[in-house]
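Worksheet: the structure to be examined is printed underneath.
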Amino acid sequence: MDLLSGLALGVEMAITWEGLLFCLIGVSIGMFIGVLPGIGPLAAVAMTLPITYHLQPMSALIMLAGIFYGAQYGGSTASILLNLPGTSTTAVTALDGYPMAKQGRAGVALFITTITSFFGGCVAIILLMGFAPALGKMALSFSSAEYFSIMLLGLVAAATMAIGSPMKGIVSVIAGLLLAMVGMDTTSGTVRYSFGILELQDGLNLVAMAMGLFGVAEILKNAGQPDRPTDKLQKVRLRELMPTRDDLRQTWKPAIRGAGIGSFIGILPGAGPTLAAFLAYAMEKRVARDPSRFGKGAIEGISAPEAANNASTQAAFIPTLALGIPGDASMAVLLGAMMIHGITPRPEFFTVHTDLFWGLVVSFWIGNLMLLVLNIPLIGVWVRILTIPQRLLFPAVIFFICVGVYSVNNNPFDVLTVIVFGVIGYLMNMLNYPTAPLLMGFILGPMIEQHFRRALLFSRGDMWTFVDRPISAAFLACTAGLVLLLVFPSLRRTAGRLKRAF
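For the sequence shown, position 57 (counting from the first letter as 1) is numbered 54 according to this note's numbering, and the numbering increases by one without interruption.
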């Protein structure tokens, strides 16, 4: 079926009163769930899954998919306003979004987030329309060696997020890797470093860690500070929320690069949007003329990761539909919903279930437009959150963090995890150690270990398997180059001191 015929079929399937209604319900739920700390798209999709049992397959998939990518839009709101990532993928957005909010430019940051998220989603949809079957087959060529290499690149890229000394970023990454070792070994099933604590046998809770490191740590940091001035915020008009021409000029190139990175990462099963956002941020910091602006409110630090994580989210449907391999836990729930309705993802999906595929594609366009229309008018409302006095805002935020984290697993230990990592995050901030690389190390640690061991098992212990495969070797070469870029300034300074000494 050609492109125009497919789109016509998709319009017929998706643009019905039922399709539009469930698309609106899905993206609205996703957007508001993304704003709330601690819940995230996985819990939202899982909680609404039983509702879809009595729906038509098309309506069920449209609604669940809308919740999934809608949460990525909403997750950046709390990151920018309160340094509180609604989802783990928006932790990167907080690095420059929150400093912009403190500078009185929260509205501009939210507007740029909205338009770059829309752009990233559109790029991924175009890829889905034109190249889904071919990209699905390409993803099959990635073995454990390639996954290990690209995730190692992601870890090294995470170390570049440190403001100042790259060594502090490396230390944070290593700390995240060590924390990732707590719990059950996915290869052997052995419980490691739980110290007899039953709650640690499944490892530390990612959401609780993120809430503590970013949200609680920021509250502890600002608790003793006077309330921020709100006179300027109370007089904000829509015109003042719009980015300037210079802001837009700094936005479009990073958005294009971020969408490209996100689309590529999205088609790799298991990589996920978090890796895409971190890589996009590291890329922008590396190509920037003045990297010192990052972490202090750089526009590029918002536009690139937002375009990347939304592109990755929607590109993740390619391996899910073509191969039946979900990109992350949320996609796994969506995969389960498809199988409940008798739909089996496989390479022939695009020809056997043509109506469903093109209906989903058109619903993605509609859903992204709905999110754009819903988000822009709400920017002024979200900015008003900053006018709430800190003595009222901080207790409310702590309450919602605890309720959100507890509601996921109904486990009081998760609340304790939030508190502990809040203190750790506060101490790291005081010592100028970045928290984002720690979170990245924790997320990628289990996957790196799993793919490393699996590659060695398949190659019977041959370490050369990582360089024998061209794609893996290319990623390792990029990693080595990035390491050299990280350590070269330090080596040059050391050489200069030695030269002056002798």
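Cβ atoms here follow ideal geometry from the backbone N, Cα and C, with glycine treated the same way.
Looking at the strands, I want to know which residues DSSP matches up with residue i.
{"i": "M181", "result": "V188"}
How far does the alpha helix (DSSP H) with residue i in it extend, from its first residue to its last?
{"i": "S25", "result": "W14 to V32"}
{"i": "A285", "result": "Premise fails: A285 is in no alpha helix (DSSP H) and is neither H nor E."}
{"i": "T74", "result": "P54 to L79"}
{"i": "S309", "result": "E297 to A312"}
{"i": "S2", "result": "L0 to A11"}
{"i": "E196", "result": "Unbroken run through E196: none, as it is neither H nor E."}
{"i": "M425", "result": "P409 to M427"}
{"i": "L46", "result": "Per DSSP, L46 belongs to no alpha helix (DSSP H) and is neither H nor E."}
{"i": "G257", "result": "R242 to G263"}
{"i": "V213", "result": "Premise fails: V213 is in no alpha helix (DSSP H) and is neither H nor E."}
{"i": "K99", "result": "A88 to K99"}
Could you give the C-beta distance for residue i and residue j, rounded to a whole number, given that I count them as a contact under 8 Å?
{"i": "Y430", "j": "K165", "result": "5 Å"}
{"i": "T110", "j": "I77", "result": "7 Å"}
{"i": "I262", "j": "L245", "result": "Rounded, the Cβ-Cβ distance is 25 Å, inconsistent with contact."}
{"i": "G255", "j": "S300", "result": "7 Å"}
{"i": "Q198", "j": "G186", "result": "So it is not a contact: roughly 11 Å between Cβ atoms."}
{"i": "Q247", "j": "I296", "result": "4 Å"}
{"i": "A41", "j": "I26", "result": "6 Å"}
{"i": "T310", "j": "Q69", "result": "5 Å"}
{"i": "L92", "j": "G419", "result": "Between G419 and L92 the Cβ distance is about 18 Å, and since that is not below 8 Å, they are no contact."}
{"i": "A88", "j": "A470", "result": "About 30 Å; that fails the 8 Å criterion."}
{"i": "N306", "j": "T74", "result": "At roughly 14 Å, the Cβ-Cβ gap does not stay under 8 Å, so N306 and T74 are not in contact."}
{"i": "T462", "j": "A142", "result": "5 Å"}
{"i": "A252", "j": "A304", "result": "4 Å"}
{"i": "N80", "j": "G212", "result": "7 Å"}
{"i": "G438", "j": "A172", "result": "7 Å"}
{"i": "G269", "j": "P96", "result": "Actually they are not in contact, since the Cβ atoms of G269 and P96 sit about 26 Å apart, beyond 8 Å."}
{"i": "V32", "j": "M367", "result": "Contact flag wrong, Cβ pair sits at about 16 Å."}
{"i": "I123", "j": "G71", "result": "Incorrect: roughly 23 Å between the Cβ atoms, too far for contact."}
{"i": "L390", "j": "P163", "result": "Contact doesn't hold; Cβ gap of about 35 Å is too wide."}
{"i": "I147", "j": "F472", "result": "5 Å"}
{"i": "T184", "j": "Q447", "result": "6 Å"}
Within 8 Å (strictly less), CB to CB, does residue i reach chain D?
{"i": "V170", "result": "In the displayed structure, chain D is absent; only one protein chain is listed."}
How do the segment 404 to 417 and the segment 199 to 215 stand: do at least 3 beta-carbon pairs fall below 8 Å, yes or no?
By the Cβ test, the segment 404 to 417 is in contact with the segment 199 to 215, since at least three Cβ pairs between them sit closer than 8 Å.
Please specify which runs of the beta strand (DSSP E), each continuous and at least 3 residues long, are wholly inside the segment 332 to 394, giving them in chain order.
Counting whole runs of 3 or more residues, the segment 332 to 394 contains no beta strand (DSSP E) stretch at all.
Quick check: the segment 113 to 130 against the segment 435 to 451, are there 3 or more CB pairs under 8 Å?
At 8 Å Cβ cutoff, the stretches do not touch.
Just to confirm the assignment: which complete alpha helix (DSSP H) runs, minimum length 4, are found wholly within the segment 437 to 475?
Those alpha helix (DSSP H) runs which fall completely within the segment 437 to 475 and span 4+ residues are 462 to 465.
Quick one: any contact between the segment 348 to 360 and the segment 3 to 15, if contact means 3 or more CB pairs under 8 Å?
With a cut-off of 8 Å, the segment 3 to 15 and the segment 348 to 360 count as touching, because enough Cβ pairs lie within range.
Is the number of C-beta pairs between the segment 143 to 151 and the segment 269 to 284 that are closer than 8 Å three or more?
As far as the Cβ criterion goes, the segment 143 to 151 touches the segment 269 to 284, which means the pair count is three or higher.
At least 3 beta-carbon pairs within less than 8 Å: the segment 55 to 62 vs the segment 356 to 366
The segment 55 to 62 is in contact with the segment 356 to 366.
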